[in-house]
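Participant: Sequence order for the protein chains is A and B.
Those letters in the first sequence? Residues 31 to 416, by my numbering.
Those letters in the second sequence? Residues 31 to 416, by my numbering.
To start, I am sharing the structure in question, which I have written as structure tokens.
There are 2 protein chains.
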Amino acid sequence: MTSPTENILLAMFLVFGSAKLLAEVFERLKQPGIVGEILAGIILGPSVLNWIQPTDLLKALAELGVVFLLFRVGLEVKSSELVHVGGTALAVAILGVVIPFPLGWFIMNRWGEPHIESIFVGAAMVATSVGITARVLASKGLLSHRASKIILAAAVIDDVLGLIVLAVVSSLAKGSVNIMELLATSAVAIGFTGIAATWGTRTMTKLIPRLERHLKAGEVQFNLAIVVLFGLALLAIYAGVAAIIGAFLAGMALSDSLDTRVHNLSNGVSELLTPFFLAEIGLHLEVSTFANAGTLLLCVAVTLVAIASKMAGCGLAALRMGWRNALRIGAGMAPRGEVGMVVAQIGLGLGVIPARTYAVVVFMAIATTIIAPALLNLTFRDAAAH
Amino acid sequence: MTSPTENILLAMFLVFGSAKLLAEVFERLKQPGIVGEILAGIILGPSVLNWIQPTDLLKALAELGVVFLLFRVGLEVKSSELVHVGGTALAVAILGVVIPFPLGWFIMNRWGEPHIESIFVGAAMVATSVGITARVLASKGLLSHRASKIILAAAVIDDVLGLIVLAVVSSLAKGSVNIMELLATSAVAIGFTGIAATWGTRTMTKLIPRLERHLKAGEVQFNLAIVVLFGLALLAIYAGVAAIIGAFLAGMALSDSLDTRVHNLSNGVSELLTPFFLAEIGLHLEVSTFANAGTLLLCVAVTLVAIASKMAGCGLAALRMGWRNALRIGAGMAPRGEVGMVVAQIGLGLGVIPARTYAVVVFMAIATTIIAPALLNLTFRDAAAH
Chain A
31 MTSPTENILL AMFLVFGSAK LLAEVFERLK QPGIVGEILA GIILGPSVLN
81 WIQPTDLLKA LAELGVVFLL FRVGLEVKSS ELVHVGGTAL AVAILGVVIP
131 FPLGWFIMNR WGEPHIESIF VGAAMVATSV GITARVLASK GLLSHRASKI
181 ILAAAVIDDV LGLIVLAVVS SLAKGSVNIM ELLATSAVAI GFTGIAATWG
231 TRTMTKLIPR LERHLKAGEV QFNLAIVVLF GLALLAIYAG VAAIIGAFLA
281 GMALSDSLDT RVHNLSNGVS ELLTPFFLAE IGLHLEVSTF ANAGTLLLCV
331 AVTLVAIASK MAGCGLAALR MGWRNALRIG AGMAPRGEVG MVVAQIGLGL
381 GVIPARTYAV VVFMAIATTI IAPALLNLTF RDAAAH
Chain B
31 MTSPTENILL AMFLVFGSAK LLAEVFERLK QPGIVGEILA GIILGPSVLN
81 WIQPTDLLKA LAELGVVFLL FRVGLEVKSS ELVHVGGTAL AVAILGVVIP
131 FPLGWFIMNR WGEPHIESIF VGAAMVATSV GITARVLASK GLLSHRASKI
181 ILAAAVIDDV LGLIVLAVVS SLAKGSVNIM ELLATSAVAI GFTGIAATWG
231 TRTMTKLIPR LERHLKAGEV QFNLAIVVLF GLALLAIYAG VAAIIGAFLA
281 GMALSDSLDT RVHNLSNGVS ELLTPFFLAE IGLHLEVSTF ANAGTLLLCV
331 AVTLVAIASK MAGCGLAALR MGWRNALRIG AGMAPRGEVG MVVAQIGLGL
381 GVIPARTYAV VVFMAIATTI IAPALLNLTF RDAAAH
């Protein structure tokens with residue numbers, strides 16, 4: 031009866047419908063469906079048809095989508111297994127920062143871009159958007175593969191490292207670095223992640239059945255899971271890391287405590303909302319960036335460096351697992367997605383990077399995200415699904 | 031990392047968490063949990079704690095919540111059974127319009143309120159918010175009870191009748207009634223509802239398995255269900271009826287075509303979002319209305335007339351099913367909820383009802399919604415769950 035309802039439903043119908051339609055087309059062409067869903071956002075968005083604008087509502091649905099996606103992935107992972115691969119994952123995360131950062135800076139610097147802009151592009155290259163990789167691995171039934179576990183653990187660590195890099199870079203842009211503040215920030219982030227990862231499961235396996243026995247209103251287990259999910263996602267934000275890391279840790283903590291039916295209930299939310307997360311990434315691509323040949327060339331160069339540097343850095347750290355696994359892990363860490371875009375937005379907000387550099391980073395973030403699923407398909411081709 | 035994500039998650043955590051907490055408290059006090067969830071909105075909202083404001087996002091989540099709630103209810107209902115009770119349902123819907131409308135006008139008129147305001151309050155009394163009743167009946171496992179089916183069918187018909195009443199009243203407020211336009215509007219609404227209700231199931235039981243055989247990307251059945259849901263909800267809006275009627279018809283059309291697992295996937299969305307629908311109703315209550323004793327008295331009088339007139343009208347039409355079922359159906363049709371508020375908003379928008387009358391209608395809409403679950407509990411006390 032009211033017009034807002036119509037707008038909401040129309041936007042959801044268009045985004046969900048075309049994302050799934052293009053996913054189907056891509057799967058038939060033996061391409062990753064996920065790329066079709068991002069492409070749906072590009073086509074519907076301001077750059078091409080302009081039927082859908084990136085509104086606050088779509089952004090909120092996208093954020094909820096990736097939160098539930100990571101929660102779902104967490105539910106399929108045992109924290110003990112993740113701690114088991116911790117050493118390798120730490121190496122993968124660290125080399126995934128140490129190699130891309132200077133290379134990102136270098137390519138921009140060689141291109142004649144100013145120093146601080148080059149540093150921000152380097153920082154954006156550090157980011158890992160684990161949502162994309164998680165979606166691909168989950169849809170292939172490969173989450174329990176050893177390489178998948180290392181990717182997931184490394185992505186969590188990478189988020190903490192990325193936070194530190196971003197804090198340093200932002201301080202540099204503002205003109206001063208406060209070492210004590212930086213140490214405190216890092217300690218809180220590491221402390222939260224470490225505690226949630228190691229004690230989460232133990233606490234929940236005791237707490238959930240006990241609460242379940244005492245509560246009686248409705249879907250008790252599901253309601254408790256949602257409260258834990260939102261609670262840990264919020265705590266993650268307060269600790270300085272991303273909400274999706276909290277969501278992943280919440281899923282992992284609950285992985286032993288929920289019935290299959292409750293898994294399905296929460297999977298329903300992620301099935302509905304994940305297309306919005308993917309399409310929303312596409313909405314931000316400005317096709318007009320292509321108009322300038324120089325900028326386009328820079329976009330392509332930065333994207334190539336972004337992929338090569340993550341594959342080299344992360345692959346190198348995992349080389350003792352064999353070159354095949356090294357490539358898998360490198361490909362899994364390559365997409366920058368929404369995390370890379372957030373770094374660019376902060377640079378834009380601080381006034382240290384101009385619109386052109388912002389467009390380059392957004393292009394790199396989307397392009398790596400589109401290329402990574404194909405790389406994952408290729409490198410995991412002969413891996414057995416569990 | 032960004033502040034919008036924090037705001038979204040914090041609002042969701044507070045609304046979902048406190049709604050479920052109060053639902054638990056109410057269930058322990060042998061009261062309907064649903065009332066606790068509405069109360070959570072009142073307490074968190076501007077009237078009491080002012081922790082949560084009714085934002086566009088919460089409104090959108092609320093609308094999606096009631097859309098998925100009605101979809102879920104539709105999935106549990108067979109259209110053939112609804113058509114079977116069509117005669118009684120039609121009588122219930124018609125008497126549920128014919129009795130409350132003049133009584134609503136009468137009480138306002140006696141109170142000394144202007145003519146056009148009294149007519150709008152009468153129109154708001156015609157509305158039925160089926161979401162509340164559906165939630166109560168579903169949670170008690172009573173959706174297949176004969177009285178429940180009559181309530182659902184009558185609520186669908188009532189929405190069409192309410193549309194016609196609102197069109198007439200709005201035309202009166204604007205000063206002229208276009209009979210031809212009115213007939214065309216009614217014909218489209220009745221045509222859409224009739225076709226979707228009678229042919230929907232037949233079409234979907236043929237279409238869904240055929241499409242399923244040809245599609246391969248991801249959760250095919252779930253994706254098709256979502257597209258049908260959003261599609262019919264949109265068509266309903268274009269046909270002039272409410273989106274939730276389209277959602278209900280979509281659920282009914284698909285009730286024979288979806289696996290249990292897909293039911294669970296879509297139930298997850300409604301479990302997550304229904305608390306937002308309920309709490310959002312509470313957010314709109316202005317406790318300051320109580321400050322004026324005269325207004326408060328009018329609120330109470332209008333609410334009593336609203337409940338009595340629906341119970342009398344709908345009950346009368348169902349009297350040959352026994353007084354027990356008549357009371358059940360009357361109680362089920364009593365909540366005005368968000369539909370009553372929409373009518374009041376239109377009156378406010380047209381400038382024909384002042385803020386005070388608006389507050390009275392909102393009070394009536396919320397109060398009937400809070401009282402109805404208790405009436406349903408009482409009247410259905412000795413009904414067997416199926």
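For every residue, glycine included, the Cβ atom is placed at its ideal position computed from N, Cα and C.
Taking buried to mean at least 16 other C-beta atoms within 10 Å of its own C-beta, is Phe222/B buried or exposed?
Facilitator: Buried, since its Cβ has 16 or more Cβ neighbours within 10 Å.
Participant: Could you give the C-beta distance for Gly71/B and Ile311/B, rounded to a whole number, given that I count them as a contact under 8 Å?
Facilitator: So it is a contact: roughly 6 Å between Cβ atoms.
Participant: Keeping to the same chain, check which residues put their C-beta closer than 8 Å to that of Val127/A; ignore five residues upstream and five downstream.
Facilitator: Closer than 8 Å at the Cβ level, and outside the excluded window around Val127/A, lie Val156, Asp188, Leu191, Gly192, Val195, Gly343.
Participant: Quick one: grab the DSSP three-state call for Ala397/A.
Facilitator: Note: Ala397/A maps to helix in three-state DSSP.
Participant: Give a yes or no on whether the minimum CB-CB distance between Phe46/A and chain B is below 8 Å.
Facilitator: With 8 Å as the cut-off, Phe46/A counts as an interface residue toward chain B.
Participant: Between the region 244 to 266 of chain A and chain B, which residues of the former have a C-beta closer than 8 Å to a C-beta of the latter?
Facilitator: Within the region 244 to 266 of chain A, the residues whose Cβ lies closer than 8 Å to some Cβ of chain B are Leu245, Lys246, Ala247, Gly248, Glu249, Phe252, Asn253, Ile256, Val257, Phe260, Gly261, Ala263, Leu264, listed in chain order.
Participant: What residues from the region 293 to 305 of chain B come within 7 Å of chain A, judged by C-beta to C-beta, listed N to C?
Facilitator: Listed by position along the chain: Asn294, Leu295, Ser296, Asn297, Gly298, Val299, Glu301, Leu302.
Participant: Can you tell me the Cα-Cα spacing of Thr231/B and Asp286/B, whole angstroms?
Facilitator: Using only the alpha carbons, I get a separation of about 7 Å.
Participant: Can you give, in chain order, each stretch of the alpha helix (DSSP H) that sits fully within the region 320 to 354 of chain A and has at least 4 residues?
Facilitator: Fully enclosed alpha helix (DSSP H) runs of 4 or longer: 323 to 347.
Participant: In whole angstroms, what is the alpha-carbon distance linking Glu249/B and His114/A?
Facilitator: Roughly 32 Å separates the two Cα atoms.
Participant: How close, in whole Å, do the beta carbons of Gly377/B and Phe150/B come, if the pair is a contact with beta carbons under 8 Å?
Facilitator: Indeed, because the Cβ distance is near 4 Å, the residues count as touching under 8 Å.
Participant: Measure the alpha-carbon distance for Ala92/B versus Ala263/B and round it to whole angstroms.
Facilitator: Cα to Cα, the separation comes out at about 15 Å.
Participant: Give the secondary structure of Phe252/A by DSSP, where H, G and I count as helix, E and B as strand, and everything else as coil.
Facilitator: Phe252/A falls in the helix class under three-state DSSP.
Participant: Which chain B residues sit within Cβ distance under 9 Å of Glu242/A?
Facilitator: Simply none; closest approach about 12 Å.
Participant: Which residues of chain B have a Cβ atom closer than 7 Å to the Cβ of Glu143/A, listed in chain order?
Facilitator: Chain B residues near Glu143/A: none, gap ~24 Å exceeds 7 Å.
Participant: Using CA coordinates, which residue listed in Cys329/A, Ala53/A, Gly345/A, Ile267/A is at the minimum distance from Thr35/B?
Facilitator: Of Cys329/A, Ala53/A, Gly345/A, Ile267/A, the residue nearest in Cα terms is Ile267/A.
Participant: Identify each residue in the region 370 to 382 of chain A for which the Cβ-Cβ distance to at least one residue of chain B is less than 7 Å, and report them in chain order.
Facilitator: Flagged, chain order: Val372.
Participant: Given a threshold of 16 other Cβ atoms within 10 Å of its Cβ, counted over all protein chains shown, does Pro305/B qualify as buried or as exposed?
Facilitator: Buried, by the Cβ-count rule.
Participant: Starting from the C-beta of Arg165/A, find all residues in its chain whose C-beta is less than 7 Å away, skip the five residues before and the five after it, and write them out in chain order.
Facilitator: Once the five neighbours on either side are set aside, the close Cβ partners of Arg165/A are Ile64, Leu99, Thr304.
Participant: How far does the alpha helix (DSSP H) with His114/A in it extend, from its first residue to its last?
Facilitator: Residues 109 to 114.
Participant: Thinking C-beta only, is Glu54/A closer than 8 Å to Leu421/B?
Facilitator: No answer is possible for residue 421/B: it lies beyond the span of chain B, which begins at 31 and ends at 416.
Participant: Answer with buried or exposed for Glu143/A, where buried requires no fewer than 16 other C-beta atoms within 10 angstroms of its C-beta.
Facilitator: So Glu143/A counts as buried.
Participant: Contact between the region 324 to 339 of chain A and the region 393 to 409 of chain A is defined here as three or more beta-carbon pairs at a separation below 8 Å; is this criterion met?
Facilitator: They touch, by the three-pair rule.
Participant: For Leu302/A, which three-state DSSP category applies?
Facilitator: In the structure shown, Leu302/A sits in a helix (DSSP, three-state: H, G or I).
Participant: Output, in chain order, the set of chain B residues within a Cβ distance shorter than 9 Å of Met210/A.
Facilitator: In chain order: nothing, as chain B lies at least about 22 Å away.
Participant: Can a CB atom of chain B be found closer than 8 Å to the CB of Thr215/A?
Facilitator: It does not: the Cβ of Thr215/A has no partner Cβ on chain B nearer than 8 Å.
Participant: Under 8 Å between the Cβ atoms of Leu69/A and Leu52/A?
Facilitator: Yes, these two residues count as a Cβ contact at 8 Å.
Participant: My understanding is that Leu328/A touches Val391/A, with C-beta atoms under 8 Å, so please give their C-beta distance in whole angstroms.
Facilitator: With 8 Å as the limit, Leu328/A and Val391/A do not qualify as a contact, their Cβ atoms being about 11 Å apart.
Participant: So the alpha helix (DSSP H) Lys236/B belongs to, where does it begin and stop?
Facilitator: Unbroken alpha helix (DSSP H) run through Lys236/B: 209 to 244.
Participant: Mind reading off the beta-carbon distance from Val103/A to Met363/A? Whole number of angstroms is fine, and I expect it under 8 Å.
Facilitator: About 15 Å; that fails the 8 Å criterion.
Participant: State buried or exposed for Trp229/B, treating a residue as buried only when at least 16 other CB atoms are found within 10 Å of its CB.
Facilitator: The residue is exposed, with fewer than 16 neighbouring Cβ atoms inside 10 Å.
Participant: In the region 97 to 182 of chain A, which residue ranges form an unbroken alpha helix (DSSP H) of at least 4 residues, counting only runs that do not cross its ends?
Facilitator: Counting only runs of 4 or more, we get 109 to 114, 116 to 128, 130 to 140, 145 to 156, 160 to 169.
Participant: Determine the DSSP secondary structure at Val271/B, reduced to helix, strand or coil.
Facilitator: Of the three classes helix, strand and coil, the one that applies to Val271/B here is coil, per DSSP.
Participant: Can you give me, in chain order, the residues of the region 79 to 102 of chain B that have a beta carbon less than 8 Å from any beta carbon in chain A?
Facilitator: Cβ contacts with chain A come from Asp86, Leu87, Lys89, Ala90, Glu93, Leu94, Val97.
Participant: Out of Gln61/A, Val198/A, Met351/A, point me to the one whose CA is closest to Ala154/A's CA.
Facilitator: Nearest C-alpha to Ala154/A: Val198/A.
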